[in-house]
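Numbers 381 to 823, taken from my numbering, label the letters of the sequence shown in order.
C-beta: ideal position from N, C-alpha, C; glycine also.
Here's the structure we're looking at; comments come further down.
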Amino acid sequence: MNISVVGTGYVGLVTGVSLSEIGHYVTCIDIDETKVEQMKQGISPIYEPGLSEMMTNNIEESRLHFTTDYTTGLNNTDVTYIAVGTPEMEDGTADLSFVKQVAFDIAGHVQKDTVVVTKSTVPVGTNDKIRDVITNNLSKDVNIDVVSNPEFLKEGSAIHDSFNGDRIVIGSDSDAAAKIIEDINEPFGVPIYKTDVRSAEMIKYASNAFLATKISFINEIANICDRVNANVDDVAKGMGMDKRIGDKFLNAGIGYGGSCFPKDTKALIQIAGNVDYDFELLKGVVKVNQKQQALLLDKLYERFTSLKGKRIAVLGLAFKPNTDDMREAASIVLTEKLIEQGAEVVGYDPIAMDNAKTVLSDGMFYADSVDAAVEDSDATLIVTEWDDVKHVDLEVFRSMTYPLVIDGRNCFGLDEMKEAGIEYHSVGRPLEKTKEGNVILQG
Numbered sequence: 381m382n383i384s385v386v387g388t389g390y391v392g393l394v395t396g397v398s399l400s401e402i403g404h405y406v407t408c409i410d411i412d413e414t415k416v417e418q419m420k421q422g423i424s425p426i427y428e429p430g431l432s433e434m435m436t437n438n439i440e441e442s443r444l445h446f447t448t449d450y451t452t453g454l455n456n457t458d459v460t461y462i463a464v465g466t467p468e469m470e471d472g473t474a475d476l477s478f479v480k481q482v483a484f485d486i487a488g489h490v491q492k493d494t495v496v497v498t499k500s501t502v503p504v505g506t507n508d509k510i511r512d513v514i515t516n517n518l519s520k521d522v523n524i525d526v527v528s529n530p531e532f533l534k535e536g537s538a539i540h541d542s543f544n545g546d547r548i549v550i551g552s553d554s555d556a557a558a559k560i561i562e563d564i565n566e567p568f569g570v571p572i573y574k575t576d577v578r579s580a581e582m583i584k585y586a587s588n589a590f591l592a593t594k595i596s597f598i599n600e601i602a603n604i605c606d607r608v609n610a611n612v613d614d615v616a617k618g619m620g621m622d623k624r625i626g627d628k629f630l631n632a633g634i635g636y637g638g639s640c641f642p643k644d645t646k647a648l649i650q651i652a653g654n655v656d657y658d659f660e661l662l663k664g665v666v667k668v669n670q671k672q673q674a675l676l677l678d679k680l681y682e683r684f685t686s687l688k689g690k691r692i693a694v695l696g697l698a699f700k701p702n703t704d705d706m707r708e709a710a711s712i713v714l715t716e717k718l719i720e721q722g723a724e725v726v727g728y729d730p731i732a733m734d735n736a737k738t739v740l741s742d743g744m745f746y747a748d749s750v751d752a753a754v755e756d757s758d759a760t761l762i763v764t765e766w767d768d769v770k771h772v773d774l775e776v777f778r779s780m781t782y783p784l785v786i787d788g789r790n791c792f793g794l795d796e797m798k799e800a801g802i803e804y805h806s807v808g809r810p811l812e813k814t815k816e817g818n819v820i821l822q823g
């Protein structure tokens, strides 16, 4: 089938490439000429394992094309996907200006009957507005159906998720349009759930809000564990064995970040507010997450009376491993506060360094390896659980002025750090202390 995808950000590019991989002829449209020329060469503008290789393969097979021209991009298309950004505005609402512009562009260039599929995360009722904009501005006498098909991709495993997802949600008020999108996605072999448009829009927000709630809940449990000398790892494992709860998203740490959870939780609070409903639970989730991102600072302040002149290594800058995405990353607030306190901050990330330099304070220093970041540091903070952080030789920490590691992702076992003689603070796991409350340095 001939498919167009408007927008080649994270969602649009992964969607277009994945659809070409299962045999469709896909043209991706983006207004950024430099970016389009780069993608024509099979070079992905984002870091996502397996994406560039899949791009190159499908370009060579003539199933995947890129253009800045709507006339070319929408020529002979059967289905057009909208996959542009819906960034958060100051009041928490989703900015739909890019979506509306695409709707106008589709109306002006579409040549035949077309199904328009919204992949962008949009508030409930947006697809109705998209349909109205397109049908009221059509340049040709064609029929348009609009379908909601929200994405559930995880950065760092998006290609895998496309072919191994839990479900594909199709929201449509037209059985014929829903069947077309079902047929398009059938080769993925992922279960398909069909519903109405507004329910599909809500499924996306409700899913992300629930997962964010689960993360904030286990982080609150971890904070209690810190105070009652319990181990949150054991608590989470015991909880997760209950099939009603499950073991996913029960890893205690320093909160969630990225492009989805922070934006979508705030948007859902706003959606509720628009219909005079006070979503108190979700407001609490957001508040807990904001507080949790400062947890490493709190632990550092407990250890030092002053951070002025201290050299602090920060391992991991992206919001999660296997991505270069810095959106809502915990490292942003953390490093800013450290620099404000007069610390010398040295950051390391295996992939996100270039993006980090455009976001983090000018007062940052950067190292090209874990070893270089840690050397001569007074404390090491672990912010992102990259493999080369989790699997580092613990002897590296001996190059510090004193082996002090404060781990926001619980990367290491308590026993192994004890045996290595490293003072180790983690999230929701017990410290060995003297009767006076001082930490015992083992080894």
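task: Check each candidate in Leu630, Thr460, His445, Val763 and name the one with the smallest Cα separation from Gln421.
output: With distances taken between Cα atoms, Gln421 lies closest to His445.
- request: Taking 8 angstroms as the threshold, find out whether the region 683-690 comes into contact with the region 613-620 through three or more Cβ pairs.
  value: By the criterion of at least three beta-carbon pairs nearer than 8 angstroms, the region 683-690 is not in contact with the region 613-620.
- prompt: Any C-beta of chain B sitting closer than 7 angstroms to the C-beta of Leu687?
  reply: Note that chain B does not occur in the displayed structure, where there is just one protein chain.
query: Shortest alpha-carbon distance to Ser542 belongs to which of Tyr681, Pro429, Asp410, Phe792?
result: Taking only the C-alpha atoms, the option nearest Ser542 is Pro429.
query: Cα separation between Asp658 and Ile651?
result: Cα-Cα distance, rounded: 10 angstroms.
- prompt: How many angstroms separate the CA atom of Thr451 from the CA atom of Gly488?
  reply: If you take the alpha carbons of Thr451 and Gly488, they lie about 9 angstroms apart.
query: Mapping DSSP to helix, strand and coil, what is Glu803?
result: In the structure shown, Glu803 sits in a strand (DSSP, three-state: E or B).
message: Classify Asn735: buried if its beta carbon has 16 or more other beta carbons within 10 angstroms, exposed otherwise.
response: It is buried - the Cβ of Asn735 has at least 16 other Cβ atoms within 10 Å.
query: Looking at C-alpha atoms only, which residue of Glu535, His805, Ala538, Tyr728 is the closest neighbour of Gly633?
result: For the residues Glu535, His805, Ala538, Tyr728, the minimum Cα distance to Gly633 belongs to His805.
- request: Put Glu829 into one of helix, strand or coil per three-state DSSP.
  value: Look at the range of the chain in this structure, 381 to 823, and you will see that residue 829 is not part of it.
field: Residue range of the alpha helix (DSSP H) that includes Gly633
entry: Looking at the DSSP string, Gly633 is not in any alpha helix (DSSP H), and its letter there is neither H nor E.
task: Can you grab the Cα-Cα spacing for the pair His540 / Leu393, in whole Å?
output: Taking the straight line from one Cα to the other gives about 14 angstroms.
task: Determine, using beta carbons only, whether Val386 and Val482 come nearer to each other than 7 angstroms.
output: The answer is yes: Cβ separation under 7 angstroms.
- prompt: Any chance the region 571-581 sits against the region 590-602, with 3 or more Cβ pairs inside 8 angstroms?
  reply: Taking 8 angstroms as the limit for Cβ pairs, the verdict is that the region 590-602 does not touch the region 571-581.
- prompt: Can you name the residues that DSSP bridges to Val726?
  reply: According to DSSP, residue pairing for Val726 in a beta bridge involves Ala693, Phe745.
task: Check whether the Cβ atoms of Met381 and Asp458 sit closer than 7 angstroms, and answer yes or no.
output: It is a contact, given that the beta carbons lie within the stated cut-off.
query: Exposed or buried, which one is Asn669 when buried takes at least 16 other CB atoms within 10 Å?
result: Classification of Asn669: buried, given that the 10 Å Cβ count is 16 or more.
field: Rounded separation between Gly638 and Phe568 - CA only
entry: Each residue's alpha carbon lies about 26 angstroms from the other.
- prompt: Could you give the uninterrupted runs of the alpha helix (DSSP H) lying entirely in the region 527-572, keeping only those of 4 residues or more?
  reply: Within the region 527-572, the complete alpha helix (DSSP H) runs of at least 4 residues are 538-544, 555-565.
- prompt: Quick one: is Ala586 buried, meaning 16 or more other Cβ sit within 10 Å of its Cβ, or exposed?
  reply: Ala586 comes out exposed.
field: Straight-line gap, Gln721 to Ala647 (C-alpha atoms, nearest Å)
entry: For Gln721 and Ala647, the gap between their C-alpha atoms comes out near 33 angstroms.
message: Classify Arg707: buried if its beta carbon has 16 or more other beta carbons within 10 angstroms, exposed otherwise.
response: Only buried fits Arg707, as 16 or more other CB atoms lie within 10 angstroms of its CB.
message: Applying the 10 Å Cβ sphere with the 16-neighbour rule, what's the burial state of Pro783?
response: That one is buried.
message: So, does the region 513-523 touch the region 405-418, judging by three or more C-beta pairs under 8 angstroms?
response: No contact exists between the region 513-523 and the region 405-418.
- request: With distances taken Cα to Cα, identify the nearest neighbour of Gly545 among Asn437, Phe532, Ala557, Gly536.
  value: Ranking the options by Cα distance to Gly545, first place goes to Phe532.
message: Looking at the secondary structure, which residues open and close the beta strand (DSSP E) in which Thr827 lies?
response: Since the first and last residues shown for the chain are 381 and 823, residue 827 lies out of range.
message: With a threshold of 8 angstroms on Cβ separation, who are the neighbours of Ile719 within its own chain once the five nearest residues in sequence on each side are excluded?
response: The answer, listed in chain order, is Val725, Ser741, Gly743, Met744.
query: What three-state label does DSSP hand Cys408 in the structure shown?
result: Residue state for Cys408 is assigned as strand, using DSSP reduced to three classes.
query: Based on the DSSP output, what are the partners of Ala474 in its beta bridges?
result: Partner(s): Glu468.
task: Can you check DSSP and say which residues form a bridge with Ser384?
output: Looking at the DSSP assignment, Ser384 forms a beta bridge with Thr407, Thr460.
- prompt: For Thr593, which residues of its own chain have a beta-carbon under 6 angstroms away from its beta-carbon, when the five flanking residues on both sides are left out?
  reply: So the qualifying residues of the chain are Val665.
message: Can you give me the C-alpha to C-alpha distance between Gln822 and Glu755, rounded to a whole angstrom?
response: With a pLDDT of only 39 at Gln822, under the threshold of 50, the placement of this residue in the model should not be trusted; the figure read from the coordinates follows. C-alpha of Gln822 to C-alpha of Glu755: approximately 21 angstroms in a straight line.
task: Look up Thr448 in the DSSP assignment and say whether it is helix, strand or coil.
output: In the structure shown, the three-state DSSP call for Thr448 is coil.
message: By alpha-carbon positions, which one of Ile426, Gly696, His404 ends up nearest to Val772?
response: Distances from the CA of Val772 to each of Ile426, Gly696, His404 were compared; the closest alpha carbon is that of Gly696.
task: Measuring alpha carbon to alpha carbon, tell me which of Val694, Val739, Ile548, Asp795 ends up nearest Asp751.
output: Nearest of Val694, Val739, Ile548, Asp795 to Asp751, Cα basis: Val694.
- request: May I ask you to verify whether the region 759-770 touches the region 790-806, counting CB pairs closer than 8 angstroms and requiring at least 3?
  value: Yes, they touch.
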